[in-house]
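**Student:** Below you'll find the structure I mean.
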Amino acid sequence: MLHDAPDHSSAAVRVDDCWNRIGTRGDNTCPRLADYFRCLNCPVFAQGAAQLLDRPLSDADLVARAESSASQAATREASAQTQSALAFRVAGEWLALPTRVLREIDDIRAIHSLPHQRSRAVLGVVNVRGALTVAVSLGELLNMDRAADTKQAARNGYARMLVAAHDGEPAAPPVALPVDEVEGVIRYADAELLPVPATLAHATASHARGVLAWRGASVGLIDPARLFDSIARSLR
963 MLHDAPDHSS AAVRVDDCWN RIGTRGDNTC PRLADYFRCL NCPVFAQGAA
1013 QLLDRPLSDA DLVARAESSA SQAATREASA QTQSALAFRV AGEWLALPTR
1063 VLREIDDIRA IHSLPHQRSR AVLGVVNVRG ALTVAVSLGE LLNMDRAADT
1113 KQAARNGYAR MLVAAHDGEP AAPPVALPVD EVEGVIRYAD AELLPVPATL
1163 AHATASHARG VLAWRGASVG LIDPARLFDS IARSLR
């Protein structure tokens, strides 16, 4: 005669948790403590732990595990669909560069001018970890109005130097970009990008992928390919 297999998923495993009653987590009256000193050294404790670990999962445990796995998968998927960019200020404009092109953020340091340099955007060279790196003014490159900087200067932000390199050209040397203030990292999805408004300076608009609304401000997301193309033309 055939018999139905027992439903282990609903069978409860009964373990005498003597360590919580008469052991070191209880009243310490267990006679085995004289031999083993601690419950962790006792074979009864080891046997009970093995039973608990080997017990079949209940329906509630299975549901909880499935929900946890689904939640983790959704988090990973959402993370994979988002990108990150560093928000910073130049003059009166808030801009952002994708973090993938940034190599480091450093304090402003001395920039040494280059003789016979025709482009106002090229400030000179700066020492970055022992290597001479071309410093470029984003304000000049994007034709920003320095007069618009008066209101923003009251924020007491600290000037910084961004070191960035074109991720599409591994052999391309990095450039140093002095900025007036660094605000933080923005995480965004492409769907959050807004069209570039007509009020944005023409040169900035031509280098922007779109605009992000962040902390009450409009941040122009710079397209690295367009930016580094303009920098390369300035160096010729």
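Position one of the sequence shown corresponds to residue 963 (the numbering used here), numbered consecutively onward. Glycine included, C-beta positions come from ideal geometry on N, C-alpha and C. Note that the structure is a prediction, hence the values are computed from the model and not measured.
1. Here's the rule: buried if 16 or more other CB atoms are within 10 angstroms of the residue's CB, otherwise exposed. What is T991?
2. Suppose the cutoff is 8 Å on Cβ atoms and the five residues either side in sequence are ignored; what does the same chain contact list for S1075 look like?
3. Going by beta-carbon coordinates alone, are L1100 and L1139 separated by less than 9 Å?
4. Give me the Cβ distance between I1067 and V1144, rounded to the nearest whole Å; I'm assuming they're in contact under 8 Å.
5. What is the rounded straight-line gap between the Cα of I1070 and the Cα of A1028?
6. Can you tell me which residues form a DSSP beta bridge with F1050?
7. Roughly how many angstroms separate the alpha carbons of A1134 and V1098, rounded to a whole number?
8. How is Q1009 classed by DSSP in three states: helix, strand or coil?
9. Just to confirm, is the Cβ distance from T1044 to R1195 under 9 Å?
10. Name the DSSP bridge partner or partners of S1180?
11. For S1046 and G1130, I'd like the C-alpha separation in whole angstroms.
12. Have a look at A1008 and R994 and give me their C-alpha separation to the nearest angstrom.
13. Look at V1141 and V1125 and say whether their C-beta atoms are less than 9 Å apart.
14. Taking a contact to mean a Cβ-Cβ separation below 9 Å, would you say G1172 touches E1055 in this structure?
15. Measure the C-alpha to C-alpha separation of F999 and D979 and round it to an integer number of angstroms.
16. Can you give the Cα-Cα distance for L1094 and S1030, rounded to whole angstroms?
17. Mark P1186 as exposed unless 16 or more other C-beta atoms lie within 10 angstroms of its C-beta, in which case mark it buried.
18. Is it right to say L1057 is buried, meaning 16 or more other beta carbons lie within 10 angstroms of its own, or is it exposed?
19. Given a threshold of 16 other Cβ atoms within 10 Å of its Cβ, counted over all protein chains shown, does H1128 qualify as buried or as exposed?
20. For R983, which of helix, strand or coil comes out of DSSP?
21. Using the beta-carbon count (16 or more within 10 Å), is V977 buried or exposed?
22. With the cut-off set at 9 Å, would you say R1051 and G1146 are in Cβ contact?
23. On the DSSP letters alone, give me the boundaries of the alpha helix (DSSP H) that G1086 sits inside.
**Tutor:** In short, the structure shows the following:
1. When all chains shown are included, T991 counts as exposed.
2. Once the five neighbours on either side are set aside, the close Cβ partners of S1075 are L1085 and G1086.
3. A contact, by the Cβ cut-off of 9 Å.
4. Rounded, the Cβ-Cβ distance is 6 Å, consistent with contact.
5. Their backbone Cα atoms lie some 51 Å apart in a straight line.
6. BP columns for F1050 point to L1057 and V1144.
7. Per the coordinates, the alpha-carbon of A1134 lies some 15 Å from the alpha-carbon of V1098.
8. The three-state secondary structure of Q1009, taken from DSSP, is helix.
9. Their beta carbons are not under 9 Å apart, which means T1044 does not touch R1195 by this criterion.
10. For S1180, which the question treats as bridged, DSSP gives the partners A1175.
11. Taken atom to atom, the span from the alpha-carbon of S1046 to that of G1130 is near 17 Å.
12. Going from the Cα of A1008 to the Cα of R994 covers about 14 Å.
13. Pairing V1141 with V1125 gives a Cβ-Cβ distance that is not under 9 Å.
14. 9 Å or more divides the Cβ of G1172 from the Cβ of E1055.
15. One C-alpha to the other measures close to 17 Å.
16. Taking the straight line from one Cα to the other gives about 51 Å.
17. P1186 is buried by the Cβ-count criterion.
18. By the 16-neighbour rule on beta-carbons within 10 angstroms, L1057 is buried.
19. That one is buried.
20. Correct three-state label for R983: helix.
21. Under this definition V977 is an exposed residue.
22. Not closer than 9 Å, so no.
23. Note, G1086: premise wrong, no alpha helix (DSSP H); beta strand (DSSP E) at V1084 to V1090.
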